[in-house]
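> The following block contains the structure, expressed as C-alpha cells.
Now the structure itself:
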C-alpha cells in the first residue's frame, strides 16, 4: 500500500500543524503528535515522481495506481508551507504542490500556489524548475512565458510552447523537444533537476491534452479557424478546466440542451462564455439570453460578458423594473446579442411581446433551483414551461445549479428523452475544513466522517476581562464562551489577516446585534486590532461616509466601518451592497456580517465562514441553502482551502447528550455539511396540494387545504379564511402551539395561484376561441408540479387549474388580454380596472401630486402592510424626495430598521410592481382625452429607485444603482429629464467633476464611472 493508515495520520498531523500556525498557537501549546509528519515528504515526492513517470511513459496502469494519491500529495505540500517549520524548502513545496494540484486537474488550487511561488524570491532554482514555474504561471496566471536560454534545448522548448499557445500549430514538435531536454537533464545526473524535469514533462503533456486549441474545435464540431481569433486573444483560456471539459464531453458546445449540476466556483462563468461563443460561431443562435434570480447577479454576469465579448457582441442587461422598456428592434442589430435579465422580467417581456422568444436561440438559466422558491418559484416554473412549449429542436436550453440534487428528475421533465445531465462527482469545489468551537477553547476539526475527529486546535481562545462601565459591578469577559456571536467575533479578529471572513447572522436584526457588540468591545477598551489592521483605512472611511448618508453618523453601521466591519443583507441599500462587495474583492475589507443573502450568487472571496446559528426565520436552514452559502467560501483560484467554523459551543459539547437532545442537534448540524443529504428541488405549484408543516410534530393536511381552495376559490378572502380555519383547529387541538407560519404559508399559496391565473390569462389571450378547458388541463399536466405529483396530488392540481380556467372563462376577451399584461392575479387586476374607470384616468387630467396621492390610497386599500401604515404616504413622499433613513426616522419616529424594511419591500418592490400593473391595464383609445402613461411610467421608476428625477433614474439603470449618488450626479449634470440612451454621454461630458465628487465615496463608484467612460 502506497499510502497507509500511518501516512493518513501523518497527513492529518501536517494539516494540524498548519492550522496551529494559522491560529497563532504558541509552540509550547502544541499537542504532542505521536508521529513525525515531516517524514511524509518522502512518500509524497515518490507519488509525484512516479505519477510523472507514468504520464511520460504513457503507462495507464501506473497512472491509475498513483492518480488517487496526487490529491494527498498536493495537500501535504500545501500544508507543509502553511506549517512554516521548514521555510528553506518552501519554494520546492510550492512548486511541487502546484504541479501535484495541476496534474490532478485541480487548476484552481494550482493557481493559488503558483501565485504564492511568484511572490517569493527564488533565485537559486534549477532550469527545469524555472521553466515549469514560468509555464504554470503562463497557463494559470496569464503571466508572460519567459524564454529560458540556459541551454539551446531549453530555449527551443520555451519557444515551441509559446508558438503553440499563440497559434495552435505544431503541438507534435513539443513532445520531441521534451524528450531531448529530458535526456539532456538526465545526463547531468543532478537529482533535483531530474525530479523537476520529469514533473515538467508531465505538466506539459497534461496541459497539451487540456489545450483549448485542440478541445474547443473538437467539442464544438467547428473548424479551428473559427476559434482562432478568439484563442489568440488575452481573454481566451489556454486550457479547459474539468467543468468545461465535461460541458464539451456532454456535447453542450455543439448545441445539446442540458441540466448542468456542478459545485460553485469550478469555472461556470467561462463555461457560459464558451457555450455562447460556440452557439454564435456555429450560427445556431444570434441571440442568447441569461436569466439569473437577482439584479446583483445580473449585474455581475453583464460585467463578465462585456469583459469577455467586448465589441464582438451586444450585451444588454434589461432593468428589473416591470415596464415596457425593450423593443424588438434590438434584433435588427447585426451583431450577436447577449441579453441578461431576471425571470420576472423575461416573463413580463413575453407577456407583452409574444414574438420575443422567436429570436432567442440559446437560453441559460443560472442558479436554476428556483422552482420551489415561494411565489417566485411558480413564475419560474411557468416561464420555463412556456419556453419548453415554444422552442424548436434547434434551440438550446441550459439550467445551471450547484445544489440541484434531483437534477435527473428535472432533466426528464424538461427534455423528455432529449437533453443531457452534465454532472460529475469527481469535480469538486475547493475543500472546506469544518471546525466546531468548544467551551474548552479548543476547535475540533472533522472531515467526511462525523464520528472521527481529524485533529483539534488547542487553547485557541484567550478570555480576558473587559473594562467596567461607570457604576457597573459585574465583571464581564470577552469572549463569553457560551455565546456563539462572541466566539465568531473573536475568531474573525484572529484569522482575518489570512483572508476574507464572514460572520453569518440568521436575521437582519442579528447583524446589528453583532455589530453593536463589536462597538461595545471598543468602548470597553478591547481592541479588535487585526480586523482594523487588515482593512484599508481610507476605503473604510469612504464606506463610512456613504453609510452615514443613509443611516446617520452615529448609527452602529457607520461606526463599525471605521473598525473594518460592514453589514451585508437584502435590505441594505443597493449602492452600499455593491460598494461592500467591491471592497471585499479588492481586499480593502476583511470582515462582513451577513445573512443568507450572501448565498445567492454573490462572488466574493471568503476564506472563513463563522456559523452562529443554523436557524433562519424560526426554522432550521435548508441543507441546500447552507450548501450554497458554504460554496461562497474558498472560491477556486483564490484559496486552496476554506474554513467553516460552527461557533455555538453547545453543538459540540453536548453531542453525546441523549437526555436533552444534544445528540439530535449534533446529528442535524453534521447533516448540513453532507452534500448528498441536500433536499431535492421541489415545486411551488406542487406545494398547493402538500401539507403545511407547522412544526416538527404537526402539520395541516395538504389535501384538505387544496380542497378548501377549490371549494372557496370564488371568495376573494379564500386564503385568509383558510388560514383562520387551520389556526383555529390547531389551537383547539394543541393550545400551547405557536402557529405563526400558517398565515405566511397561505399567503404564499395565494401568490402561487395568482401566478397561475396570470399565466393562463396570457395563454388564453393568444386565441379568443381557444378551448380553454383543454388548454388549461394541458398546461397543468405540463408543469414540473404535475410531473412530480402522486395520483392524488395530480387530481387536486387538475381541479385547481380547472377552477382557475373557469374563472377566466367568465371574463371578456379584452379583460383577459389586459390582465395577462398586468402580471397580477385576477381579483387585483379586476380591482385595478374598476379603479381606472371610476377615477377617469384617461378622461380627466391630474397633477403628478394628485396622481401620486391617488396611487398611495389605492395601494393601501388593496394591500395589507405588516409595518406601520399611518406614515406610509409620508414615507413614500420622502423616498421620492431622496430622503435618508435618518431623515425619515426624525419625521416619523419609526425605527431605522422598520423604515429600511418598508422602503425596500413595500415601496421599492410592491408599490412599484403595483404601479406597473396599473400601467399595463390602462387602455388608451382614440376618444380618450388624457394619456397618463408617461407620468405613471416615470413615477414607477422613481418609486423603484427612490430618486427625484428621470436623470437620476437613468443613472440607476445605466451607471450604478445608488439613490443618493444618483440624485447628486443628476444635480451635477444639471438636467432633470435625461433618458437612459443619453445618460452615458452626459456622464462622459461631466466626467472630471463627477470623479472629483465621488473621490470621497467608495471606490466602486469611481471605477464604474471610469469603466463606462472607457467603453
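Residue numbers (the working numbering): 88 to 1102. The beta-carbon is built from N, C-alpha and C at its ideal position, and this holds for glycine as well. No experiment lies behind these values; they were computed from the predicted model shown.
On the CB-based measure, 16 or more other CB atoms within 10 Å of its CB, does residue 748 come out buried or exposed?
Burial call: exposed.
> Quick test of the definition: if touching needs 3 or more C-beta pairs under 8 Å, does the stretch 142–158 touch the stretch 198–218?
These segments do not touch.
> Quick check: the stretch 1028–1036 against the stretch 1069–1089, are at least 3 beta-carbon pairs closer than 8 Å?
Cβ pair count under 8 Å is below three, so no.
> Looking at the unbroken beta strand (DSSP E) that takes in residue 533, where does it start and where does it end?
Counting along the chain, the beta strand (DSSP E) containing residue 533 begins and ends at 530–533.
> Assuming residue 734 and residue 524 are in contact, meaning their beta carbons sit under 8 Å apart, how far apart are those beta carbons, in whole angstroms?
Going by Cβ atoms, the distance from residue 734 to residue 524 rounds to 5 Å, so yes, they are a contact pair.
> For residue 665, which residues of its own chain have a beta-carbon under 6 Å away from its beta-carbon, when the five flanking residues on both sides are left out?
Within the same chain, residue 665 has close Cβ partners 1091.
> Name the DSSP beta bridge partners of residue 720, please?
693.
> For residue 1046, I'd like the list of residues in its chain whose CB is within less than 8 Å of its CB, leaving aside the five on either flank, ordered along the chain.
Taken in chain order, the residues that qualify are 1053, 1056, 1070, 1071, 1074, 1095, 1096 and 1099.
> Determine the extent of the beta strand (DSSP E) in which residue 521 is found, giving its start and end residues.
Per DSSP, residue 521 belongs to the beta strand (DSSP E) from 519–524.
> Among 149, 150 and 130, which residue has its Cα nearest to the Cα of residue 160?
Closest option to residue 160, Cα to Cα, is 130.
> Would the stretch 924–938 and the stretch 857–876 be scored as touching if the rule is three or more Cβ pairs under 8 Å?
The answer is no - the stretch 857–876 does not touch the stretch 924–938, with fewer than three Cβ pairs under 8 Å.
> Need the endpoints of the alpha helix (DSSP H) that residue 918 sits in, please.
First-last of the alpha helix (DSSP H) with residue 918: 913–925.
> Going by DSSP in three states, residue 579 sits in which element: helix, strand or coil?
In the structure shown, residue 579 sits in a helix (DSSP, three-state: H, G or I).
> Reducing DSSP to helix, strand and coil, say where residue 540 ends up.
If DSSP states are grouped into helix, strand and coil, residue 540 belongs with the strands.
> Looking only at C-alpha atoms, which of 887, 583 and 478 sits nearest to residue 678?
Looking at the Cα atoms, 583 is the closest of the given residues.
> Could you tell me the distance, in whole angstroms, from the CA atom of residue 869 to the CA atom of residue 464?
Distance between the alpha carbons of residue 869 and residue 464 is about 15 Å.
> Which value, in whole angstroms, describes the spacing of the CA atoms of residue 630 and residue 618?
The straight-line gap from Cα to Cα measures roughly 15 Å.
> Please classify residue 424: does DSSP put it in a helix, a strand, or coil?
Strand, per DSSP.
> Can you give the Cα-Cα distance for residue 587 and residue 621, rounded to whole angstroms?
Their Cα atoms are separated by approximately 10 Å.
> Compute the beta-carbon to beta-carbon distance between residue 796 and residue 813, rounded to the nearest angstrom, for a pair I have assumed lies under 8 Å.
Not a contact, Cβ separation roughly 12 Å.
> Going residue by residue through the stretch 250–290, where are the continuous alpha helix (DSSP H) segments of at least 4 residues, counting only ones entirely within it?
Those alpha helix (DSSP H) runs which fall completely within the stretch 250–290 and span 4+ residues are 258–275.
> Given a cut-off of 8 Å on the beta-carbon distance, is the pair residue 379 and residue 441 in contact?
Cβ atoms of residue 379 and residue 441: not closer than 8 Å.
> Does the separation of the CB atoms of residue 988 and residue 743 fall below 8 Å?
No, Cβ-Cβ distance for residue 988 and residue 743 is not below 8 Å.
> Which two residues bound the contiguous beta strand (DSSP E) that contains residue 655?
That run of the beta strand (DSSP E) goes 652–655.
> Alpha carbon to alpha carbon, what distance is there between residue 126 and residue 336?
Each residue's Cα considered, the two are about 41 Å apart.
> I need the DSSP call for residue 834, collapsed to helix, strand or coil.
It is helical.
> For residue 307 versus residue 394, is the C-beta distance shorter than 8 Å?
No. Outside cutoff.
> If I follow the unbroken beta strand (DSSP E) through residue 450, where does it start and stop?
Its beta strand (DSSP E) spans residues 449–452.
> Along the chain, where does the beta strand (DSSP E) that runs through residue 474 open and close?
Careful: residue 474 lies outside any beta strand (DSSP E), inside the alpha helix (DSSP H) at 461–477.
> Just list the alpha helix (DSSP H) runs in the stretch 145–213, keeping only unbroken ones of 4 residues or longer that don't cross its boundaries, in chain order.
Entirely contained in the stretch 145–213, the alpha helix (DSSP H) runs reaching 4 residues are, in chain order, 147–170, 177–190 and 194–206.
> For residue 698, name the three-state secondary structure that DSSP assigns.
In the structure shown, residue 698 sits in a strand (DSSP, three-state: E or B).
> Roughly how many whole angstroms lie between the Cα atoms of residue 171 and residue 996?
Cα to Cα, residue 171 sits roughly 53 Å from residue 996.
> May I have the straight-line CA-CA distance separating residue 834 from residue 808, to the nearest angstrom?
For residue 834 and residue 808, the distance between alpha carbons rounds to 11 Å.
> Once you ignore the five residues that flank residue 738 on each side, which residues in its own chain have a CB closer than 7 Å to its CB?
523, 752, 753 and 756.
> Checking 8 Å against the spacing of the C-beta atoms, do residue 520 and residue 547 come in under that value?
No, the pair does not count as a contact, with Cβ atoms beyond the cut-off.
> On the CB-based measure, 16 or more other CB atoms within 10 Å of its CB, does residue 331 come out buried or exposed?
Buried.
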